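Each remark here refers to the structure printed beneath this line.
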Ligand SMILES: Nc1ncnc2c1ncn2[C@@H]1O[C@H](COP(=O)(O)OP(=O)(O)OP(=O)(O)O)[C@@H](O)[C@H]1O
Ligand SMILES: [Mg+2]
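Residue numbers (the numbering used here), protein chains in the order written: chain F, 1 to 432; chain S, 1 to 269.
As structure tokens, then:
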């Protein structure tokens, strides 16, 4: 010990200035790289969100035009039956057109009438019809209706279109003239676009909404969650706590990890082949969609569940076993409750993943054009990401903003789900 | 509960009887192919405190875990030989290890209360073993266990607060209360004081002496003083072998084996 100190030990640590300086420089450089990476990511995120929001915010408002409709008894209910069915049969299109004509008392040329009618949404007559059927006492009076403007006029007002007489512009100068006049009369206003949240899909942009897709999404995710939570937890518990460690369980483990990385479209093909063709489940329905998504997220949830179970300290297991709890009691009373927040966090993240999936759902026909909000798990329906896909494909300018708006709705749901996951994690931070 | 009290007082009156509670015969343990413990033969008398001493890695914990078959839960661990408890081999075919662990309680090195209330920590064992018929009886058991563990005065006003909120020494006494709440016959303690300060240690040692009247206690310790203070009998392990066992005062004053003397005086460790 005293005589033979190794040379390196005798020399002692190298505390020279140059060495320390080099260490500081390395650290500073590393920090700079990290900062650069974060900045890069944030810039792209901001660009992405900025584009979506600037494209989509205008879809949340809609242009409406005041129309004083003369609910003429002779035209709507000449026999005075007040019977809703009779009233519904009446020629509301004619009633609305008469009212539109009367906006311009000096009269318009017949050839220009079509241009004039084109300012208003095709849906205007249905708004009037609905209100009169529900309130038959209005017949014989004149009522003011704020009816939706046609999508082209809406786009014109929002500044996305320019009127021209060159034959290619969607709005010609005559139509713009009519619109300008209505605006000057104070008959045009912008209001919150409730239709966007209360209607399902439609060919007419001003009548299209995301409610159908939202309900479809909830149903699909509901089916998915009901399947995935019990199966995922049971599988995770079995594999982590009870399965013997042998070649078979190793194989299962490897395959579960592989499944988590399988492209989602493959699950769609599986769903098509097995669920629709073999089990005969209805096409385009949340039932089949939920099952396919369940298969897709199950591996993720099993993996998350296993790591949550593994994170429970062995001392807790020993404690329970030590007072004579059986293995199942130990897991059920102590390990699982402690792992539950982790399992739920994994589940929510898995569900958020499922929420954004479209490819596998396309394969089982959820890409259909559905104008009704689904009311059961076997109704044809669509989901938010597929709705976005459909609208992104539509040629009308008005669908461009609706696409971005639907993306915003989807993002809000995603953020909410992730928020719940974070809150759960906070609330149940390890307490042992 | 009434039965428990009767049983307890019956046991209390019968201080050291000389009756053999446990006897290990040719016990050996393998972790995979590694032989961690060889040929241990040893008897444990009722109402005694027996301490197991020896250098780190010599197999004390391994032997302790044989007595409540905790080794069964370690994959790859194999136990040979037999341990008789009141004349029945606990490794026999009709012994259920889960039931055995209710009869042989264990206290671990690091206090490991459940992340639940103090009350639930103590009540857990009685609950799963269906000991108490109703809330009132369970309350009684909890109070008795906490009193026996010397924790009642400190804990009675905070029974519903988490057990993890207690100090280290209190947590260890809570773990002892949890172990004795199921009224085991034997309590195993694996270095119960190694995470505690001297004052908390002194409390636990006092408690061990107290508990000896009702239970048989086997304790692993690294502190010679502690072994000398609390135990009537001491066994010295070295490299997987039981080197020597006997009355504590004999082991500490006139050990037969030179290795025992060397360890006790601090020359091997
Ligand atoms: N789970 C295990 N798997 C494999 N080997 C183990 C396991 N537990 C213990 N061993 C080995 O068995 C031997 C005895 O270990 P044991 O824990 O019984 O020692 P110990 O006497 O309690 O030591 P210490 O005083 O440090 O706690 C050691 O060599 C150890 O490495
Ligand atoms: Mg040990």
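Beta carbons: idealized from backbone N, C-alpha and C, even for Gly. No experiment lies behind these values; they were computed from the predicted model shown.
Which chain S residues sit within Cβ distance under 8 Å of residue i?
i: residue 427/F; result: Residues of chain S passing the Cβ test: none, with the nearest at roughly 14 Å.
i: residue 315/F; result: 108, 110 and 112
i: residue 338/F; result: 115
i: residue 334/F; result: 114
Is residue i near ligand 2, judged by its Cβ being under 7 Å from some heavy atom?
i: residue 61/S; result: yes
i: residue 220/S; result: yes
i: residue 14/F; result: no
i: residue 72/S; result: no
i: residue 157/S; result: no
i: residue 94/S; result: no
i: residue 197/S; result: no
i: residue 190/S; result: yes
Under the DSSP definition of a beta bridge, which residues are partnered with residue i?
i: residue 270/S; result: Since the first and last residues shown for chain S are 1 and 269, residue 270/S lies out of range.
i: residue 69/F; result: 143/F
i: residue 117/S; result: 162/S
i: residue 218/S; result: 50/S and 188/S
i: residue 138/S; result: DSSP output for residue 138/S lists no bridge partner at all.
i: residue 120/F; result: 149/F
i: residue 193/F; result: Note: residue 193/F sits in no beta bridge, so no partner.
i: residue 105/S; result: 187/S
i: residue 20/S; result: 45/S
i: residue 396/F; result: Beta-bridge pairing links residue 396/F to no other residue.
i: residue 25/S; result: 82/S
i: residue 238/S; result: 241/S
i: residue 64/F; result: 148/F and 189/F
i: residue 246/S; result: 234/S
i: residue 88/S; result: 85/S
i: residue 40/S; result: 27/S
For a contact meaning CB atoms closer than 9 Å, what does residue i contact in chain F?
i: residue 106/S; result: 318, 319, 321, 322 and 323
i: residue 101/S; result: 321, 322, 323, 324 and 325
What do you get for residue i, buried or exposed, if any count of 16 or more other CB atoms within 10 angstroms of its CB means buried?
i: residue 254/S; result: exposed
i: residue 416/F; result: exposed
i: residue 252/S; result: buried
i: residue 149/F; result: buried
i: residue 264/S; result: buried
i: residue 130/F; result: exposed
i: residue 35/F; result: exposed
i: residue 196/F; result: buried
i: residue 441/F; result: Outside the displayed range of chain F (1 to 432) lies residue 441/F, so it cannot be described from this structure.
i: residue 89/F; result: exposed
i: residue 42/F; result: exposed
i: residue 256/S; result: exposed
i: residue 124/S; result: buried
i: residue 198/S; result: exposed
i: residue 151/F; result: buried
i: residue 246/F; result: exposed
i: residue 157/F; result: buried
i: residue 258/S; result: exposed
i: residue 496/F; result: There is no way to answer for residue 496/F, as the model of chain F reaches only from 1 to 432.
Since residue i meets chain S, which of its residues come closer than 7 Å, beta carbon to beta carbon?
i: residue 245/F; result: 75
Could you check whether the Cβ of residue i sits closer than 7 Å to any heavy atom belonging to ligand 1?
i: residue 266/S; result: no
i: residue 264/F; result: no
i: residue 31/S; result: yes
i: residue 56/S; result: yes
i: residue 234/F; result: no
i: residue 25/F; result: no
i: residue 34/S; result: yes
Find the residues of chain S that neighbour residue i, judging by a C-beta separation of less than 9 Å, and give them in chain order.
i: residue 329/F; result: 98 and 128
Kindly list, in the order they appear in chain F, the residues whose Cβ is closer than 7 Å to that of residue i.
i: residue 78/S; result: None at all; the shortest Cβ gap to chain F is about 15 Å.
i: residue 125/S; result: 323 and 324
Please list, in chain order, the chain F residues whose beta carbon lies closer than 8 Å to that of residue i.
i: residue 182/S; result: 323 and 324
i: residue 70/S; result: 318, 321 and 322
Please identify, using Cβ separations under 9 Å, the residues of the region 171–202 of chain S that lie next to chain B, in order along the chain. In summary, chain B is missing from the structure at hand, where the protein chains are F and S.
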